[in-house]
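Participant: Handing you a structure now.
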Amino acid sequence: MELVYKTEKVRKLCESKRAVTKFFGGKEILAVSLQARINAMQNAITIKDIIVQKPFHFHQLKNKNGKDLEDFFAIDVKSRSDPWRIILRPLNSDKEPFVPCHIDEIAESVEIVEIREVSNHYE
Numbered sequence: 164m165e166l167v168y169k170t171e172k173v174r175k176l177c178e179s180k181r182a183v184t185k186f187f188g189g190k191e192i193l194a195v196s197l198q199a200r201i202n203a204m205q206n207a208i209t210i211k212d213i214i215v216q217k218p219f220h221f222h223q224l225k226n227k228n229g230k231d232l233e234d235f236f237a238i239d240v241k242s243r244s245d246p247w248r249i250i251l252r253p254l255n256s257d258k259e260p261f262v263p264c265h266i267d268e269i270a271e272s273v274e275i276v277e278i279r280e281v282s283n284h285y286e
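Residues 164 to 286, numbered by the numbering used here, are exactly what the sequence shown covers, in order.
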């Protein structure tokens with residue numbers, strides 16, 4: 164699956180071990196987990212390959228606290244007990260978001276995903 168990053172900062176965070184370790188305050192286990200999730204997405208054929216991975220806890224996000232997260236999804240960086248998540252959005256072959264995004268209908272055909280951010284769920 165092809166990954167497209169929202170910003171250069173997000174790309175660097177996801178691709179640089181040094182940047183991600185610094186981002187997580189030196190917590191190597193989180194850095195390794197994030198890189199493993201990114202590798203899994205890169206090696207997936209479609210987003211369905213990610214959705215079916217129970218430890219990733221793929222879930223749809225809701226608009227909250229003024230954040231427009233409609234049509235965005237998240238997977239856990241490490242586990243459900245850890246607050247870190249990767250926010251992503253499925254894109255079509257023109258690298259445009261699906262509107263509306265009915266993931267159940269498109270999961271087997273989505274081969275491009277935009278990584279919006281890596282964030283702490285509770286912040």
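All residues carry an ideal CB built from backbone N, CA and C; glycine is no exception.
So what does DSSP say about Asp212, is it helix, strand or coil?
Facilitator: Of the three classes helix, strand and coil, the one that applies to Asp212 here is helix, per DSSP.
Participant: Could you please give the first and the last residue of the uninterrupted alpha helix (DSSP H) stretch that includes Ala182?
Facilitator: Run containing Ala182: Lys180 to Phe186, per the alpha helix (DSSP H) assignment.
Participant: Quick check on Asp239: does DSSP put it in helix, strand or coil?
Facilitator: strand
Participant: Rounded to whole angstroms, what is the Cα-Cα separation between Lys258 and Lys190?
Facilitator: Roughly 33 angstroms separates the two Cα atoms.
Participant: Can you tell me whether Val195 is helix, strand or coil according to DSSP?
Facilitator: helix
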